[in-house]
Amino acid sequence: MALATTAAPAETNADARSRSWEQPSGAALTWLTVGAAFLLLGAALTLVTAIQLVSPGWGTLGPATSIGRLRPVATTIVGFGGLGMIGTGVALDLARRLGRAPAQLDLLAKAGGALVTLSVAAGSIALLMGHSTGRPGLELPRLFSVPLALGLLLAAAAFFRTMAMRESDDLHPALWHLSAGVLAGPLLLLLGSLPRVAGVNDEVVRVFATNGLLLLWLVSLGIGIALYVVPQAARTALYSRRLAAIGFWGWVAIAPLTGAARLVSGPAQEWLETIGIASMIALVVPALAVCVNLSKTYTRRTSLAHPADLRSALLGAALLALSSVLGAVTAGRTAGDVLHLTVFADGKAEMMAAGVAGSLILAGLWHVLPALSGRRQANPMLAARSTWWLGAGVLLVAASLLAAGFVQGALWTESVREGGTAFTGAGWRVVADSIRPLLWARVIGQALLLATAVLVFQQVLATTAYGEPLDRDDAAHPQAREG
Amino acid sequence: MADIPPVSRRLTLLPVLLGSAVLLGSGFAVTVALPTADAVTTTVTDATRAYTKGEVAGREIYVNQGCVYCHTQQVRDTFTDAKLAQRPTRPGDTLADRPANLGETRYGPDLRCVGDRVPGADAGADRAAQVEAMADYLRDPGAVHQDSSMPSYSYLSGKDLDRLASYLVGLSCDGGR
Numbered sequence: 001m002a003l004a005t006t007a008a009p010a011e012t013n014a015d016a017r018s019r020s021w022e023q024p025s026g027a028a029l030t031w032l033t034v035g036a037a038f039l040l041l042g043a044a045l046t047l048v049t050a051i052q053l054v055s056p057g058w059g060t061l062g063p064a065t066s067i068g069r070l071r072p073v074a075t076t077i078v079g080f081g082g083l084g085m086i087g088t089g090v091a092l093d094l095a096r097r098l099g100r101a102p103a104q105l106d107l108l109a110k111a112g113g114a115l116v117t118l119s120v121a122a123g124s125i126a127l128l129m130g131h132s133t134g135r136p137g138l139e140l141p142r143l144f145s146v147p148l149a150l151g152l153l154l155a156a157a158a159f160f161r162t163m164a165m166r167e168s169d170d171l172h173p174a175l176w177h178l179s180a181g182v183l184a185g186p187l188l189l190l191l192g193s194l195p196r197v198a199g200v201n202d203e204v205v206r207v208f209a210t211n212g213l214l215l216l217w218l219v220s221l222g223i224g225i226a227l228y229v230v231p232q233a234a235r236t237a238l239y240s241r242r243l244a245a246i247g248f249w250g251w252v253a254i255a256p257l258t259g260a261a262r263l264v265s266g267p268a269q270e271w272l273e274t275i276g277i278a279s280m281i282a283l284v285v286p287a288l289a290v291c292v293n294l295s296k297t298y299t300r301r302t303s304l305a306h307p308a309d310l311r312s313a314l315l316g317a318a319l320l321a322l323s324s325v326l327g328a329v330t331a332g333r334t335a336g337d338v339l340h341l342t343v344f345a346d347g348k349a350e351m352m353a354a355g356v357a358g359s360l361i362l363a364g365l366w367h368v369l370p371a372l373s374g375r376r377q378a379n380p381m382l383a384a385r386s387t388w389w390l391g392a393g394v395l396l397v398a399a400s401l402l403a404a405g406f407v408q409g410a411l412w413t414e415s416v417r418e419g420g421t422a423f424t425g426a427g428w429r430v431v432a433d434s435i436r437p438l439l440w441a442r443v444i445g446q447a448l449l450l451a452t453a454v455l456v457f458q459q460v461l462a463t464t465a466y467g468e469p470l471d472r473d474d475a476a477h478p479q480a481r482e483g
Numbered sequence: 484m485a486d487i488p489p490v491s492r493r494l495t496l497l498p499v500l501l502g503s504a505v506l507l508g509s510g511f512a513v514t515v516a517l518p519t520a521d522a523v524t525t526t527v528t529d530a531t532r533a534y535t536k537g538e539v540a541g542r543e544i545y546v547n548q549g550c551v552y553c554h555t556q557q558v559r560d561t562f563t564d565a566k567l568a569q570r571p572t573r574p575g576d577t578l579a580d581r582p583a584n585l586g587e588t589r590y591g592p593d594l595r596c597v598g599d600r601v602p603g604a605d606a607g608a609d610r611a612a613q614v615e616a617m618a619d620y621l622r623d624p625g626a627v628h629q630d631s632s633m634p635s636y637s638y639l640s641g642k643d644l645d646r647l648a649s650y651l652v653g654l655s656c657d658g659g660r
């Protein structure tokens, strides 16, 4: 009966503990706010580079504003600064919520945020001045990429320390993906930045790291967020833990191998390309497991409302299914002969980055922002509408690039069949002229994405500065219950 | 948590972290460590480039101007690339290239053998004339190809334009490459 004698003080401690975990993490809000600012800046620069692609020299005042310098800056700012920082901020808060443990090492997480902010900002200036590694997706020189990875590791330390204080030993499926994502980001950045190899080997390292940063860092964070947000916003429990396990283990096992698919028909070893193709096809299984789990959870909803977080998570899930199926269908060598090295690859990358990772991570932002700021969402209707802008923008960007890639590939093939070459002189210009209208359509899609980023930033500022304060019940249950 | 699974189905932090690390490490071993350790990637071929000092300086400009975002430097083993060179690019061909500059998207033409397409190259024009022609093109692509989607690099100094042009002219596949 020892338990009975200690029941009273234990209850008191539990009460205190239950109150303490409700205190939001200051670091999470910092990561989120800075991330929203970076997202806005990155989206604006991406729009400029999209215009420069069809209108050469537009806005080019000198080398620093040329497309070749702005493009890596835009990618760095959107990826590491925007989506990366927002995703990490949301992960820090979800560790607290799902573990029902007070946020730990908040100061360290803030220091990590400062380091990431400085690295991205200073690294972007260096890129504008021409100090690039020349490796797409990993352009930041080590002087900036290593501190950036260190900043992410500091956030990871705070995340895992909070997890270590959790109430239950068992992990919610959302935390499986979040843990893997928080850990994979800095590791892949270091793995991609540190080796000094040349030629094809350099390309092999680069595609492994950049593909991993997209799928195992940003998309993993996004999937983790969705597995938490959808049940919460739909006010029901997650449909299946078994499907979640298939989704998680399948994703972390297969996604690291898929980078090799980007080397198809190139100078790398054929067996490596085969692994890449097979893994692209296999990736459909975990991707669909995640999507089915989320969609089944949604169909069991007990709430009829469709707030921004739920809409955004469902959009991301739908794009994940579409993206993985498209990746599988076009992974083979036959399709690759036509589509490889065309702008089709950019279309697929945009769908996965802006579409899947962007939608899922923004779902997390909409979900945690009120509790983190202690205020109600400034304009929930506008926030919910932003999902339409995001969806329309992503679909327009991806569809135009995918179509342009198909046109490119088809015209190249036709030209060679007729005995000419589509890769030089007049032959090349026919192809370039044919895809120009599609690249203009991409510009419109990019403008919609910029509009979404403007709205996200405005809502983050308006909510944190002027939102109506949450009352005690709201603070305890800002959007819904724990799953 | 509303429905805590039975102990046998619980997943704690350690298996998640260890499992993820092992799977990521396996992915690295299979798709990075194994292929890069393969001797075929480090064996010099008849087409491995030997850049001059000037060409290396030109390559630096190629890198810091971000040419790789629109141009590839790889001839694939495909039907459509068959006429770009006498044979596809092999791993050892790229040994001297750091960064690889292979590229992933062709918004502009492939440049693996661009040196062979410079005006006068087939007629045996001297290298200085080819470099000058290439520099002129980089300075104002629209003057050579109307409606060209290639931006002008007129903001580069004459010396830098010559270095970049020298690098591009040196990207020749003449002689079976």
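Chains A and B supply the protein sequences, listed in that same order.
Quick note, the first sequence lines up with residues 1 to 483 if you use this note's numbering.
Quick note, the second sequence lines up with residues 484 to 660 if you use this note's numbering.
For each residue, glycine too, the CB sits at the ideal point set by N, CA and C.
So the alpha helix (DSSP H) residue i belongs to, where does it begin and stop?
{"i": "residue 159/A", "result": "142-164"}
{"i": "residue 58/A", "result": "Here residue 58/A belongs to no alpha helix (DSSP H), and DSSP marks it neither H nor E."}
{"i": "residue 176/A", "result": "173-193"}
{"i": "residue 536/B", "result": "536-547"}
{"i": "residue 613/B", "result": "610-622"}
{"i": "residue 337/A", "result": "333-339"}
Which residues in the same chain have their Cβ closer than 6 Å to the Cβ of residue i, if we skip the five residues on either side of it in sequence?
{"i": "residue 403/A", "result": "438"}
{"i": "residue 643/B", "result": "544"}
{"i": "residue 239/A", "result": "293, 296 and 297"}
{"i": "residue 343/A", "result": "401, 404 and 405"}
Can you give the Cα-Cα distance for residue i and residue j, rounded to whole angstroms?
{"i": "residue 448/A", "j": "residue 508/B", "result": "39 Å"}
{"i": "residue 57/A", "j": "residue 429/A", "result": "18 Å"}
{"i": "residue 102/A", "j": "residue 166/A", "result": "8 Å"}
{"i": "residue 28/A", "j": "residue 234/A", "result": "24 Å"}
{"i": "residue 531/B", "j": "residue 572/B", "result": "10 Å"}
{"i": "residue 223/A", "j": "residue 431/A", "result": "38 Å"}
{"i": "residue 370/A", "j": "residue 494/B", "result": "30 Å"}
{"i": "residue 164/A", "j": "residue 170/A", "result": "11 Å"}
{"i": "residue 559/B", "j": "residue 349/A", "result": "21 Å"}
{"i": "residue 455/A", "j": "residue 372/A", "result": "18 Å"}
{"i": "residue 200/A", "j": "residue 97/A", "result": "45 Å"}
{"i": "residue 268/A", "j": "residue 180/A", "result": "29 Å"}
{"i": "residue 478/A", "j": "residue 453/A", "result": "Note on residue 478/A: pLDDT 48, under 50, position unreliable in the model; no value is reported."}
{"i": "residue 104/A", "j": "residue 177/A", "result": "20 Å"}
{"i": "residue 126/A", "j": "residue 132/A", "result": "7 Å"}
{"i": "residue 450/B", "j": "residue 519/B", "result": "In the structure as shown, chain B starts at 484 and stops at 660, and residue 450/B therefore has no counterpart that could be examined."}
{"i": "residue 279/A", "j": "residue 511/B", "result": "14 Å"}
{"i": "residue 622/B", "j": "residue 541/B", "result": "15 Å"}
{"i": "residue 655/B", "j": "residue 612/B", "result": "15 Å"}
{"i": "residue 162/A", "j": "residue 286/A", "result": "28 Å"}
{"i": "residue 563/B", "j": "residue 546/B", "result": "27 Å"}
Under three-state DSSP, which class holds residue i?
{"i": "residue 595/B", "result": "coil"}
{"i": "residue 370/A", "result": "helix"}
{"i": "residue 375/A", "result": "strand"}
{"i": "residue 231/A", "result": "helix"}
{"i": "residue 469/A", "result": "strand"}
{"i": "residue 211/A", "result": "helix"}
{"i": "residue 660/B", "result": "Below a pLDDT of 50, predicted positions are generally treated as unreliable, and residue 660/B, at 46, falls in that range; the measurement from the model is reported next regardless. Residue 660/B: coil per DSSP, three-state reduction."}
{"i": "residue 268/A", "result": "coil"}
{"i": "residue 381/A", "result": "helix"}
{"i": "residue 201/A", "result": "helix"}
Leaving out five residues on either side along the sequence, give the residues of the same chain with a beta carbon under 8 Å from the beta carbon of residue i.
{"i": "residue 339/A", "result": "330, 345, 405, 406 and 409"}
{"i": "residue 624/B", "result": "631, 633, 634 and 635"}
{"i": "residue 110/A", "result": "26, 27 and 30"}
Nearest by alpha-carbon distance to residue i: which of the options is it?
{"i": "residue 664/B", "options": "249/A, 272/A and 62/A", "result": "Residue 664/B cannot be examined here, being either before or after the span of chain B that is shown, 484 to 660."}
{"i": "residue 629/B", "options": "453/A, 433/A and 452/A", "result": "433/A"}
{"i": "residue 587/B", "options": "135/A, 123/A, 270/A and 116/A", "result": "135/A"}
{"i": "residue 156/A", "options": "319/A, 106/A and 192/A", "result": "106/A"}
{"i": "residue 464/A", "options": "21/A, 32/A and 23/A", "result": "32/A"}
{"i": "residue 34/A", "options": "187/A, 90/A, 257/A and 174/A", "result": "90/A"}
{"i": "residue 548/B", "options": "575/B, 653/B, 648/B and 652/B", "result": "648/B"}
{"i": "residue 142/A", "options": "154/A, 160/A, 122/A and 158/A", "result": "122/A"}
Just to confirm my understanding: we take residue i, look at its own chain, exclude 5 residues before and 5 after, and list those with CB closer than 7 Å. What are they?
{"i": "residue 441/A", "result": "396 and 400"}
{"i": "residue 387/A", "result": "308, 311, 312 and 315"}
{"i": "residue 38/A", "result": "77, 81, 82, 85 and 120"}
{"i": "residue 537/B", "result": "646 and 649"}
Would you say residue i touches the ligand NAP, meaning its beta carbon is less than 7 Å from a heavy atom?
{"i": "residue 638/B", "result": "The ligand NAP is absent from the structure shown, which contains no ligands of any kind."}
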